[in-house]
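Taken in order, these protein sequences are the chains called H and X.
Using this note's numbering, the first residue of the first sequence is number 8, and each one after it goes up by one.
Using this note's numbering, the first residue of the second sequence is number 627, and each one after it goes up by one.
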Amino acid sequence: DTAVSQTPKYLVTQMGNDKSIKCEQNLGHDTMYWYKQDSKKFLKIMFSYNNKELIINETVPNRFSPKSPDKAHLNLHINSLELGDSAVYFCASSRTSYEQYFGPGTRLTVT
Amino acid sequence: QKEVEQNSGPLSVPEGAIASLNCTYSDRGSQSFFWYRQYSGKSPELIMFIYSNGDKEDGRFTAQLNKASQYVSLLIRDSQPSDSATYLCAVKGAGNNRKLIWGLGTSLAVNP
């Protein structure tokens with residue numbers, strides 16, 4: 008009965024590689040988000056999609072590209088990974104009342 | 627100037643006491659206010675939201691909102707060691723976008 012799920016949970020990869028993280032929600036929400044939480048624990052919004060349309064696109068390197076095939080799924084693809092990309096990436100979803108519900112997170116380590 | 631400010635803590639309280647967590651925000655047009663709890667190594671979990679001035683109670687938790695003074699607080703009564711976590715304040719600003727502005731969080735330690 009997982010509401011917001013992410014895969015993989017852990018991702019260890021080398022600099023320069025390309026990787027993807029997937030997110031799915033079964034809450035029927037119309038908006039999904041990607042956040043980055045670094046070692047200082049600050050939650051930084053990266054992207055948001057509402058019904059498959061990009062509505063929030065923060066200042067993020069263009070190596071990061073979100074894709075939403077339908078309103079229940081939001082994926083994040085990262086090209087040419089760098090050491091500074093190491094962080095925990097959270098997916099979240101919300102409906103019109105704005106409360107956001109988070110997935111378990113993907114801990115990305117770039118070596 | 628940060629848009630949502632919280633004291634980073636750690637805030638240390640004895641078991642059974644009231645823990646008081648505070649958050650101030652800069653956007654006077656802010657509409658919705660959220661408190662999340664994040665245990666170490668886990669994802670943020672929504673515990674309270676409040677939209678109107680005044681108090682809102684849910685079990686041991688009370689959220690208080692004062693829009694004139696631009697602050698929102700969270701009170702935890704009868705604090706338990708299991709309440710030890712980081713508490714994040716998030717604010718939805720004016721406008722139609724879904725973006726929440728997040729504070730850095732306050733670390734709470736409840737000592738048995």
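Where is the CB? At the ideal position from N, CA and C, for every residue including glycine.
Computed from a prediction, not measured in an experiment: that's the story for all the values here.
Arg663 of chain X classed as buried or exposed, judged by whether at least 16 other C-beta atoms fall within 10 angstroms: buried
Check the Cβ of Lys29 of chain H against every Cβ in chain X and list those closer than 7 Å, keeping chain order. Per Cβ cutoff of 7 Å: no residues; Lys29 of chain H is ~16 Å from chain X at best.
Pick helix, strand or coil for Leu34 of chain H, following the three-state DSSP scheme. coil
Measure the alpha-carbon distance for Phe71 of chain H versus Ala645 of chain X and round it to whole angstroms. 40 Å
Per-residue contacts from Pro73 of chain H into chain X (C-beta, under 7 Å): Within chain X, no residue comes near Pro73 of chain H; the closest Cβ sits about 14 Å away, beyond 7 Å.
With DSSP collapsed to three states, give me the class of Gly642 of chain X. coil
Residues bridged to Glu60 of chain H (per DSSP): H:Asn57
Closer than 8 Å is the cut-off here; do at least three beta carbon pairs connect the region 633 to 652 of chain X with the region 721 to 732 of chain X? yes
With Ile676 of chain X and Lys682 of chain X assumed to form a contact (beta carbons below 8 Å), what rounded beta-carbon distance in angstroms separates them? 5 Å
Buried or exposed for Pro76 of chain H, going by 16 or more other Cβ atoms inside 10 Å? exposed
What residue range does the beta strand (DSSP E) around Gly680 of chain X cover? Gly680 to Asp684
Looking at the structure shown, is Leu700 of chain X part of a helix, part of a strand, or coil, going by DSSP? strand
Taking the alpha carbon of Lys59 of chain H as the point to measure from, which residue in H:Leu18, H:Tyr42, H:Ser101 and H:Asp37 has its own alpha carbon closest? H:Asp37
Of all the residues that make up the region 658 to 671 of chain X, which are near chain H by a beta-carbon distance shorter than 9 Å? Ser658, Phe660, Tyr662, Gln664, Gly667, Lys668, Ser669, Pro670 and Glu671
For Cys98 of chain H and Met39 of chain H, believed in contact at Cβ under 8 Å, the rounded distance: 7 Å
Give me the Cα-Cα distance between Gly110 of chain H and Thr14 of chain H, rounded to the nearest whole angstrom. 10 Å
Suppose you measure from the CA of Lys29 of chain H to the CA of Ala94 of chain H; what does that come to, to the nearest Å? 16 Å
First through last residue of the beta strand (DSSP E) which encompasses Ala735 of chain X: Thr732 to Asn737
Own chain partners of Lys74 of chain H with C-beta closer than 6 Å, once the 5 adjacent residues on each side are dropped: Asn82
In the DSSP output, which residue or residues are listed as bridge partners for Lys51 of chain H? H:Lys43
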